[in-house]
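Numbering (our numbering) for the sequence shown: 19 to 335. Just so it is clear, CB atoms sit at the ideal spot from N, CA and C, and this is done for glycine as well. Quick caveat, the model's predicted, so the values are computed rather than measured.
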Amino acid sequence: MAGMVEVTNLTKYYGKFPAIEDVSFEVKRGEIVGFLGPNGAGKTTTMRIITGFLPPTSGTASVAGYDLVDKSREARAHIGYLPETVPLYTDMTVESYLGFMGTIRGMDSKRIKVRTGEVIDACRLGDYRRSHIGKLSKGFRQRVGIAQAVLHEPDVLILDEPTIGIDPIQVVETRQLIKDLSGSHTVILSTHILPEVSMLCNRVLIIHEGSIVAEDTPRDLANKLQGVERLEAEVQGPPAEVAEALGKIRGVREVDIATDNPNHNIFKIQARRGLDLRPTVSRIVVNNGWSLLNLQLVSMSLEEIFLKLTTEEDVDA
Ligand SMILES: Nc1ncnc2c1ncn2[C@@H]1O[C@H](COP(=O)(O)OP(=O)(O)O)[C@@H](O)[C@H]1O
Ligand SMILES: [Mg+2]
């Protein structure tokens, strides 16, 4: 089956400023995908387009096979959205707010009643059903936000920084709630906190300055962060011999041949952190009588992005 969420060449300009550019990805049913990126990366913009709140400048987004521009209504029926700031009505009770949200989504009153009870239980809001939203802590308001997102039983949940600004105990509980919900939903969540993606996601898309710069499992991401230096060397020479010679350099952990040319290849070299092997690589290539067409450190941009991410949590971990 095609992806539950499909995003193709999505671009959004605010005036002349490109907030996201040429973003493409796919999320399959049941996946839990994290958008990881520093502030201003374009996470919210991407989510607002996928949820139909913002039209793209170009490119397409679809959910459950429905295009967000052409079939917005159908698409949105499959989406539950926790925006960055939830427009909660502070003078409503939890129960009446959920009823209201059900009504504007066109649910009938019987289903609203059943589902309100179910989501109040699922989000552990039972003690607060008649509390005014304005009286709730930020963490509980966030749960109300999640409750409204799942009310109409959408296939896909889009959660924009679901744990931002709430106290550490509530963070733990909110993550648990997301984990529980992820069993029955496809989830995309955004965060600028690294440990959060490891806890919740199967796959991470790293967004920086409006583009997806890397895609990985949380585990491989952690390995990368622990630090290898990456080099790419474009060499003219017999591939197997070149790879073998590069692999023998002290500090090199792995050499992959990234292209498939008979006599001219890009070799991806992973080395121990802190080593700049460029001089050694160029010497070895030249000493063997091969030609070095290009040699660059590739880890730098990713490293820079990681430095901007919150790698540790403030209190709990
Ligand atoms: N309504 C807007 N008008 C102009 N620029 C915006 C608007 N919303 C966001 N931006 C800019 O677009 C970029 C991406 O923002 P956003 O999608 O909110 O990123 P993130 O959610 O990753 O922090 C930022 O540089 C931000 O300043
Ligand atoms: Mg944001």
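Residue i classed as buried or exposed, judged by whether at least 16 other C-beta atoms fall within 10 angstroms
i: residue 122; result: exposed
i: residue 116; result: buried
i: residue 297; result: exposed
i: residue 128; result: exposed
i: residue 34; result: exposed
i: residue 228; result: buried
i: residue 238; result: exposed
i: residue 178; result: buried
i: residue 188; result: buried
i: residue 79; result: buried
i: residue 292; result: exposed
i: residue 120; result: buried
i: residue 236; result: buried
i: residue 316; result: exposed
i: residue 334; result: Unreliable placement is indicated for residue 334, whose pLDDT of 40 sits below 50; the coordinate value is still reported in the next sentence. By the neighbour-count rule (16 or more Cβ atoms within 10 Å), residue 334 is not buried but exposed.
i: residue 180; result: buried
i: residue 233; result: exposed
i: residue 108; result: exposed
i: residue 277; result: exposed
i: residue 247; result: buried
i: residue 22; result: buried
i: residue 20; result: exposed
C-beta atoms of residue i and residue j nearer than 9 Å
i: residue 288; j: residue 273; result: yes
i: residue 138; j: residue 165; result: yes
i: residue 93; j: residue 81; result: yes
i: residue 56; j: residue 28; result: no
i: residue 58; j: residue 30; result: no
i: residue 140; j: residue 98; result: no
i: residue 255; j: residue 307; result: yes
i: residue 269; j: residue 295; result: yes
i: residue 173; j: residue 203; result: yes
i: residue 253; j: residue 50; result: no
i: residue 230; j: residue 207; result: no
i: residue 53; j: residue 64; result: yes
i: residue 284; j: residue 275; result: yes
i: residue 66; j: residue 101; result: yes
i: residue 45; j: residue 24; result: yes
i: residue 286; j: residue 250; result: yes
i: residue 142; j: residue 170; result: no
i: residue 271; j: residue 301; result: no
i: residue 43; j: residue 223; result: yes
i: residue 84; j: residue 90; result: yes
i: residue 162; j: residue 199; result: no
Counterpart residues of residue i in DSSP-defined beta bridges
i: residue 232; result: 224
i: residue 99; result: 176
i: residue 88; result: Bridge partners of residue 88: none, in fact.
i: residue 24; result: 44 and 80
i: residue 50; result: 205
i: residue 309; result: 254
i: residue 150; result: 111
i: residue 140; result: Per DSSP, none; premise fails for residue 140.
i: residue 29; result: 76
i: residue 36; result: 31
i: residue 315; result: 249
i: residue 283; result: 253
i: residue 342; result: Residue numbering for the chain in the displayed model covers 19 to 335; residue 342 lies beyond these limits and cannot be assessed.
i: residue 275; result: 285
Any non-hydrogen atom of ligand 4 closer than 8 Å to residue i Cβ
i: residue 126; result: No copy of ligand 4 occurs in the structure displayed; its ligands are ligand 1 and ligand 2 alone.
Does the region 180–200 come into contact with the region 211–221, if we say contact requires no fewer than three beta-carbon pairs (one atom in each stretch) closer than 8 Å?
yes
Closer than 6 Å from C-beta to any heavy atom of ligand 1: which residues, in chain order?
32, 35, 37, 55, 57, 58, 59, 60, 61, 62 and 63
Can you confirm whether the region 96–115 touches the region 148–166 when touching is taken to mean that 3 or more C-beta pairs between the two stretches lie within less than 8 Å?
yes
Across the region 182–191 and the region 157–174, are there enough close Cβ pairs to call them in contact, namely three or more that are closer than 8 Å?
yes
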